[in-house]
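Asker:
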Amino acid sequence: MTVSTTLTRAIVTADESGTRRPGRRGPDVPARAGIKARNRRETATGYTFLLPWIIGFVGLTLGPMLYSLYLAFTKYNLFTEPKWIGFDNFTRMFTEDPVYIQSVQITLVYVLVGTPIKLAAALAVAMLLNYRDRGSAFFRSSFYAPSLIGASVSVAIVWRAMFSTDGPVDNTLSFFGIEIGGWVGNVAMVLPMMILLAVWQFGAPMVIFLAGLKQIPKELYEAAEVDGAGPVRKFRSVTFPMLSSVIFFNLLLELINAFQVFASAYIISNGSGGPAGMTNFYTVYLYKRGFADLQMGYAAAMAWVLVIVVAIIAALLFKTQKSWVHYAGENR
Amino acid sequence: MFNIRTRRAALAAAAVTASAALVLTGCSGGSAPAATYDPDEKVTLDFAFWGNDVRAEMYDKAIAAFNEEYPNITVNTSFLGFPEYWEKRQTEAAGGGLPDVMQFDYSYLRQYSENGLLLDLTPYLGNIIDTEPLSDQILDIGVVGDETTGIPTSTNAWGMYTNPTLLEEVGVDEFAGGDWEDYNAWMKEVTDAAAAKGVELWGGTDYTGRIQNFEIQQRAKGEDLFTEDGEPNFTKEDLAAFWEQGDGIRTDGTVIGQQRLEEVNPLSGFDAALTASELTWDNFGAGYLGNLGEGYTELGLVAPPVTEDGAKDLYLKPSMLHSIAATTKHPEAAATLLNYLVNAPEVGEAFGTNRGIPASETQLEGAKLDPLGQQIADYEASISDRLGDAPPVPIVGYGTLEEKFRQIGQELGYGTLTVDEAVDQFFAEMDVVLNQ
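Residue numbers (my numbering), protein chains in the order written: chain A, 133 to 464; chain B, 1060 to 1495.
#1: Reducing DSSP to helix, strand and coil, say where B:Asp-1311 ends up.
#2: Measuring CA to CA, which of A:Thr-223, A:Leu-375, A:Leu-383 is closest to A:Lys-346?
#3: Going by C-alpha distance, which of B:Gly-1349, B:Pro-1363, B:Glu-1461 is nearest B:Thr-1339?
#4: Over the uninterrupted alpha helix (DSSP H) stretch that includes B:Lys-1120, give me the two end residues.
#5: Taking its Cβ as the centre, do 16 or more other Cβ atoms sit within 10 Å of A:Ser-235, making it buried, or is it exposed?
#6: Helix, strand or coil for A:Ala-361? Go by DSSP, reduced to three states.
#7: Taking 9 Å as the CB-CB limit, is A:Asn-303 close to chain B?
#8: Within the 9 Å Cβ cut-off, does A:Pro-230 reach chain B?
#9: Give me the residue from B:Leu-1460, B:Ile-1416, B:Val-1482, B:Leu-1396 with the minimum Cα distance to B:Asn-1126.
#10: Any idea if B:Ile-1383 is buried or exposed, counting beta-carbon neighbours within 10 angstroms, 16 or more meaning buried?
#11: Whose Cβ in chain A lies nearer than 7 Å to the Cβ of B:Arg-1269?
#12: Where do the ends of the alpha helix (DSSP H) carrying B:Thr-1459 lie?
#13: Could you give the residue range of the beta strand (DSSP E) that holds B:Met-1379?
#14: What does the alpha-carbon distance come out to for the pair A:Ala-355 and A:Leu-342?
#15: So, is A:Tyr-430 buried or exposed, given that buried needs 16 or more other C-beta atoms within 10 angstroms?
#16: Between the C-alpha atoms of B:Thr-1136 and A:Ser-284, what's the straight-line distance to the nearest angstrom?
#17: Please return the same chain residues whose Cβ sits closer than 8 Å to the Cβ of A:Leu-305, not counting the five positions on each side in sequence.
#18: DSSP on A:Val-319, reduced to helix/strand/coil?
#19: Grab the span of the alpha helix (DSSP H) containing A:Phe-381 for me, first residue to last.
#20: Just by C-beta distance, which residues in the region 1137-1149 of chain B are closer than 8 Å to chain A?
#21: Locate the alpha helix (DSSP H) running through B:Pro-1211, then write down its first and last residues.
#22: Whose C-alpha, out of A:Tyr-398, A:Met-321, A:Val-339, is nearest the C-alpha of A:Ala-269?
#23: Just by C-beta distance, which residues in the region 1460-1491 of chain B are closer than 9 Å to chain A?
#24: Does the count of Cβ pairs from the region 1422-1432 of chain B and the region 1404-1414 of chain B closer than 8 Å reach three?
#25: Just the C-alpha distance for A:Asn-382 and A:Ala-252, rounded to the nearest angstrom, thanks.
#26: Three-state secondary structure (DSSP) at B:Gln-1304?
#27: Does the region 1154-1168 of chain B come within contact of the region 1375-1389 of chain B, defined as at least 3 CB pairs closer than 8 Å?
#28: When you compare only the Cα positions, how much space is there between B:Val-1314 and B:Gly-1305?
#29: Please state if the CB of B:Gly-1447 and the CB of B:Asp-1341 are separated by a distance shorter than 9 Å.
#30: Give a yes or no on whether 9 Å exceeds the smallest Cβ distance from B:Pro-1325 to chain A.
#31: Within its chain, find whatever has a CB closer than 6 Å to the CB of B:Tyr-1144; leave out the 5 residues flanking it on each side and keep chain order.
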């Protein structure tokens, strides 16, 4: 959560600082020294207003983060003093902890399979909603609702009941001759179920896609039509490039969110990460190590590995964006 | 000459001085006389327990009775399920904000005591906390190092519950006793009989998923799981041999499958009327009846299968203790509440055997055992020749190992781990836990 909010914030701040106020360079610009004094005053005022946020950031985010970085190199059980052990936590993770490796694997599957499907669903529904306006407010809200309630306890419980043996899903599939049985206790099916639960909450990226779609000038489609483009060609040549910046934004956000899946898995497995560790996602395992097993140093090390991996993936994405993301007003 | 009022004031002054002295010297040793609670002082205490709605109602009753006697002590209660309860306590402990009085579990007692998180109750024993109704063995349970940091509310023993209603339905007799092989055979008989009648029922759950069953098998050889010094007292071969006992019953469908168990989680197969037997602590009966619901009015309670004839494999363990946080601002009032919860006959009446067989004689007298409670008391009497000395206070991290054992048992059930892999995983975990 923190990572994504910080990112959003960073993006928003970048936007704001990018917009220059008009009229600043009018003829009544005061003398150089005046500008300096005024700038200083403005800066001071700015920082004063920022102060509550800065205090909060340093005290509640940066400070704890640095402390957790220190803890990552220690053995710490919450009660006694942390004991420095160097890189032991990290070597244990990759060489002596098969449960860790398993949790990395299922988290990667969840992220790499779930995110594209979720975004595709979000984009598809956004395009449908964009197609016509009648009743769109209703549909927009109904598709958005799962995102609001998706991480709640009640939904995870309902989900559990739906996918049990003889639950609605099992019965429906049996009706069509597909005999899977219950998904909840099934080692092979519980991960697909978790991915489905994530995809079902496509509302947030959908709303952003919808906003992006509304920005695409109608003339482009009309022009394409005049040139004889069909729906597929229109999507490839108009929608996708015009929407690429929004897709990039959603992709980044959803990837980061997916890595941090916790609440739904924790509730569906009653905190156990079961069956056979198949819902033992990275953060669930991290939490259990920290707060149930009191291996806070190890948990901190796990958290830092996650931060680094997410940062690398984000950096790679930013690198690739040159080749496929187009920003409006870009000089080409 | 003192009149009552000045005497009370003098007592209160003495109490304040004494507690101040205790605080100032940082002394919690046994020699300093403890202050007593001044009944006129208005105090609010936090009290936390693990349990469910049924137990919460019982505590409400108990605390209402307590408030009739001590109207100036307000008790704020809160409760959670067992795993969440401990997650919450661990974070509170790290932040220095434990509740004044807590229901405590044996497996965490050493960890909290050794880290100075629990109040040494020694100064209160014999004055605020009445020790008359508690036997020395009972009081010894709560001693870690030289300090008494917990008072057991009750005791329980490992046993085997059976479901007579379901057994009658499929037409199989109660387990007649015997060794583990006999038990496997009996479970198979139940499972087959149920299958023949088209009833969804199994003889039991794979017992190799519980560390207690391993423990009693080891104890039958005369060995506790851990030594007095906290070193493991079993080999990889011991553990592998134990888990291999489950191979047959897991694969031939004698016991309930993991998938079905996962679906009814957090209930057990026995709670959900899917198995006819379950090895567990003997105070679980009331919870089982509650979860089984209407139509189930009685349970069978028999001794676990025998590993070695004549071995002292079973033992009495505190089903729970009550402890006070070292950080409490009102140790006298907290001790007063603790004493009431442990000794008062009214509390015994409210709980029956919900917390196990009451450890305190006065509370046991008040408990007016219901049929199930009587059954448990009879059971504990019936296994007296199998009861040995209790193992040492569980090592720090025992709770983690117990949970790891359970999860590995689950994976064995799913077939996602081989026995050898399972043994390696458990020993790797034990290595980390013991070297913390």
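Note that CB positions come from ideal geometry on N, CA and C, so glycine has one too. Quantities reported herein were computed from a predicted structural model and do not represent experimental measurements.
Answerer: Looking at the atomic coordinates:
#1: B:Asp-1311 carries a coil assignment under DSSP once its states are collapsed to helix, strand and coil.
#2: When only C-alpha atoms are compared, the closest one is A:Leu-375.
#3: Comparing Cα positions, the closest option is B:Pro-1363.
#4: Its alpha helix (DSSP H) spans residues 1112-1128.
#5: So A:Ser-235 counts as buried.
#6: Coil, per DSSP.
#7: Residue contact check for A:Asn-303 against chain B: no CB pair falls below 9 Å.
#8: At a cut-off of 9 Å between beta-carbon atoms, A:Pro-230 makes contact with chain B.
#9: Residue B:Leu-1396 is the option with its Cα nearest to B:Asn-1126.
#10: Buried: at least 16 other Cβ atoms inside 10 Å.
#11: Taking a Cβ-Cβ cut-off of 7 Å, B:Arg-1269 has no neighbours in chain A, whose nearest Cβ is about 15 Å from it.
#12: Segment 1457-1473, the alpha helix (DSSP H) holding B:Thr-1459.
#13: Per DSSP, the unbroken beta strand (DSSP E) holding B:Met-1379 starts and ends at 1376-1383.
#14: Spanning the two alpha carbons is a distance of roughly 21 Å.
#15: So A:Tyr-430 counts as buried.
#16: Note on geometry: alpha-carbon atoms of B:Thr-1136 and A:Ser-284 lie some 26 Å from one another.
#17: Only Glu-311, Ile-312 meet the Cβ criterion.
#18: Of the three classes helix, strand and coil, the one that applies to A:Val-319 here is coil, per DSSP.
#19: Segment 372-391, the alpha helix (DSSP H) holding A:Phe-381.
#20: Hits within the stretch, in order: Pro-1142, Glu-1143, Trp-1145, Glu-1146, Gln-1149.
#21: Membership of B:Pro-1211 in any alpha helix (DSSP H) is not indicated; the residue belongs instead to the beta strand (DSSP E) covering 1210-1215.
#22: Looking only at A:Tyr-398, A:Met-321, A:Val-339, the smallest Cα-Cα distance to A:Ala-269 is reached by A:Val-339.
#23: Cβ contacts with chain A: Glu-1462, Lys-1463, Arg-1465, Gln-1466, Gln-1469, Glu-1470, Gly-1472, Tyr-1473, Gly-1474, Thr-1475, Leu-1476, Glu-1480, Asp-1483, Gln-1484, Ala-1487, Glu-1488, Asp-1490, Val-1491.
#24: Touching, yes.
#25: So the two alpha carbons sit approximately 11 Å from each other.
#26: Helix at B:Gln-1304.
#27: Three or more beta-carbon pairs drawn from the region 1154-1168 of chain B and the region 1375-1389 of chain B are found closer than 8 Å, and the two stretches are therefore classed as touching.
#28: Rounded to the nearest whole angstrom, the C-alpha separation of B:Val-1314 and B:Gly-1305 is 9 Å.
#29: No Cβ-Cβ contact shorter than 9 Å links B:Asp-1341 with B:Gly-1447.
#30: True, the Cβ-Cβ gap to chain A drops below 9 Å.
#31: So the qualifying residues of the chain are Trp-1109.
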